[in-house]
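Numbering-wise (my numbering), the sequence shown opens with residue 1 and increments by one. Using N, Cα and C, we set each Cβ at its ideal position, and we do this for glycine too. Notes to accompany the following structure.
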Amino acid sequence: MATDFSFFRLSLEKFLLENHSPKVHDIDFITSRCDEAEEIYQNSVKSGMRPVYALEIANKALFDDPYFFKYNILRDVVLEEFPEIKEEEHAYYIENLLTYCEDIFAKYPDKSRETWYSILYTELVGAVAIYLEDHHVI
Numbered sequence: 001m002a003t004d005f006s007f008f009r010l011s012l013e014k015f016l017l018e019n020h021s022p023k024v025h026d027i028d029f030i031t032s033r034c035d036e037a038e039e040i041y042q043n044s045v046k047s048g049m050r051p052v053y054a055l056e057i058a059n060k061a062l063f064d065d066p067y068f069f070k071y072n073i074l075r076d077v078v079l080e081e082f083p084e085i086k087e088e089e090h091a092y093y094i095e096n097l098l099t100y101c102e103d104i105f106a107k108y109p110d111k112s113r114e115t116w117y118s119i120l121y122t123e124l125v126g127a128v129a130i131y132l133e134d135h136h137v138i
């Protein structure tokens with residue numbers, strides 16, 4: 001992890017660490033995402049927006065990403081539905097499941113996640129079960 005102590009970098013790195021995301025080591029990803037959030041924040045404040053609202057918009061740019069959504073929903077599926085997977089193995093399986101479940105994610109548009117979340121969740125439970133059976137985990 002970088003030694004840059006910007007608010008956005010620290011927030012993003014904390015999020016990535018807490019979620020055991022492999023992106024925590026992707027310096028280019030972190031830097032570009034943080035630079036974008038910082039620029040959005042600065043421009044919003046310069047244009048007269050109150051800092052609290054500027055921060056809200058910048059955080060949306062920092063964290064609202066299909067990768068995070070996919071990773072988090074798969075993490076939820078693994079945690080809630082497959083307790084037999086050891087905690088230290090979660091990140092490994094989730095990262096592999098991101099690729100395995102890409103066709104499923106492609107069926108649901110990013111812009112309306114809330115509308116189809118429960119349907120996607122259910123479909124992912126089935127796909128994860130098949131993946132884990134095929135790999136002799138369950």
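Presumed contact (8 Å Cβ cut-off) between residue i and residue j, rounded CB distance
i: GLU81; j: VAL125; result: 5 Å
i: ALA127; j: TYR100; result: 7 Å
i: VAL137; j: ILE85; result: 7 Å
Residue i versus the options, residue with shortest Cα-Cα distance
i: ALA91; options: ASP103, ASP134, ILE73; result: ILE73
i: ALA54; options: TYR41, ALA61, SER11, THR115; result: TYR41
i: LEU97; options: THR115, LYS107, VAL78; result: VAL78
i: ASP76; options: TYR117, ASP26, LEU17; result: TYR117
i: PRO66; options: SER21, TYR131, PHE105, HIS136; result: PHE105
i: SER32; options: LYS107, ALA58, MET49; result: ALA58
i: GLU70; options: LYS107, GLU89, GLU38; result: Before going further, note that residue 70 is Lys rather than Glu in the sequence given. With distances taken between Cα atoms, LYS70 lies closest to LYS107.
i: LEU16; options: ARG50, ALA37, PHE68; result: PHE68
i: LEU120; options: ASP103, ASP134, GLU133; result: ASP103
i: PHE8; options: GLU56, GLU89, GLU123; result: GLU56
i: GLU39; options: SER6, TYR131, VAL24, GLU88; result: SER6
i: PRO83; options: LEU132, GLU18, LYS23; result: LEU132
The segment 50-69 / the segment 6-14 touching (three or more Cβ pairs under 8 Å)
Enough Cβ pairs lie closer than 8 Å, so yes.
Along the chain, which unbroken stretches of the alpha helix (DSSP H) at least 4 residues long are found entirely within the segment 110-135?
113-134, all fully within the segment 110-135.
Suppose only complete runs of 3+ residues qualify. What are the beta strand (DSSP E) ranges in the segment 44-105, listed by chain order?
none
I'd like the ranges of any alpha helix (DSSP H) spanning at least 4 consecutive residues and lying wholly in the segment 18-47.
27-46
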